[in-house]
Amino acid sequence: MTQEELFLYRTKITGALPSEIGTLSKLKRLYLFDTKLEGSIPDSIGNLLNMEIIYLNYNYFKGSVPDSLCALRSRSLVDLWADCGGEETEIKCPCCTVCCEANSVCLDHIT
1 MTQEELFLYR TKITGALPSE IGTLSKLKRL YLFDTKLEGS IPDSIGNLLN MEIIYLNYNY
61 FKGSVPDSLC ALRSRSLVDL WADCGGEETE IKCPCCTVCC EANSVCLDHI T
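Those letters in the sequence shown? Residues 1 to 111, by this note's numbering.
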């Protein structure tokens with residue numbers, strides 16, 4: 001049995017997203033929205049070459065979405081959400097399909 005989906009949304013998990021996330025090579029859909037995750041998004045997430053959907057919004061991530069993850073937009077990744085909207089954004093994401101703001105407004109991000 002392969003793990004193609006990981007649903008951890010609306011949980012109270014805390015801390016950083018571990019770099020080991022990049023070892024889940026069969027993963028296609030990753031739902032991490034509305035948790036308490038913080039810190040930077042590990043570059044290893046770009047190892048998920050089969051990824052189709054990633055929801056990272058409504059967390060406490062900082063910095064930039066890794067280039068390795070943005071590179072997946074030219075492969076299979078069709079939906080990437082992050083907290084990259086608004087004036088006080090903590091994360092930069094030039095490749096996101098949707099950017100969310102702190103007030104729960106999410107808007108399409110044209111790249």
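C-beta: ideal position from N, C-alpha, C; glycine also.
Per DSSP, what kind of secondary structure is residue i in: helix, strand or coil?
| i | result |
| --- | --- |
| I91 | strand |
| A71 | helix |
| T97 | coil |
| E4 | coil |
| S64 | strand |
| I13 | coil |
Kindly indicate which residue of the options has the alpha-carbon position closest to the one of residue i.
| i | options | result |
| --- | --- | --- |
| C70 | C96, L32 and A102 | C96 |
| S40 | S19, C99, G85 and K26 | S19 |
| D79 | Y58, D108, L17 and E4 | D108 |
How far does the beta strand (DSSP E) with residue i in it reach, from first residue to last?
| i | result |
| --- | --- |
| G39 | K36 to G39 |
| Y31 | R29 to Y31 |
Going along the chain, which residues of its own chain have a beta-carbon closer than 7 Å to the beta-carbon of residue i, five neighbours each way excluded?
| i | result |
| --- | --- |
| G86 | E101 and A102 |
| M1 | Any reading at M1 must be qualified, since the residue scores a pLDDT of 46, below 50, and its modelled position is unreliable; no value is offered. |
Quick one: what's got a C-beta closer than 8 Å to residue i's C-beta in the same chain, skipping five residues either side?
| i | result |
| --- | --- |
| L49 | S25, L72, R75 and S76 |
| K92 | G63, S64, V65 and C84 |
Between which residues of its own chain and residue i is the CB-CB distance below 6 Å, once the five residues before and five after are set aside?
| i | result |
| --- | --- |
| E90 | K62 |
| C106 | V98 and C100 |
| Y31 | F7, Y9 and Y55 |
Can you round the beta-carbon distance between residue i and residue j to whole angstroms, since I take them to be within the 8 Å contact cut?
| i | j | result |
| --- | --- | --- |
| G22 | I54 | In fact, because the Cβ distance is near 12 Å, the residues do not count as touching under 8 Å. |
| D34 | Y9 | 6 Å |
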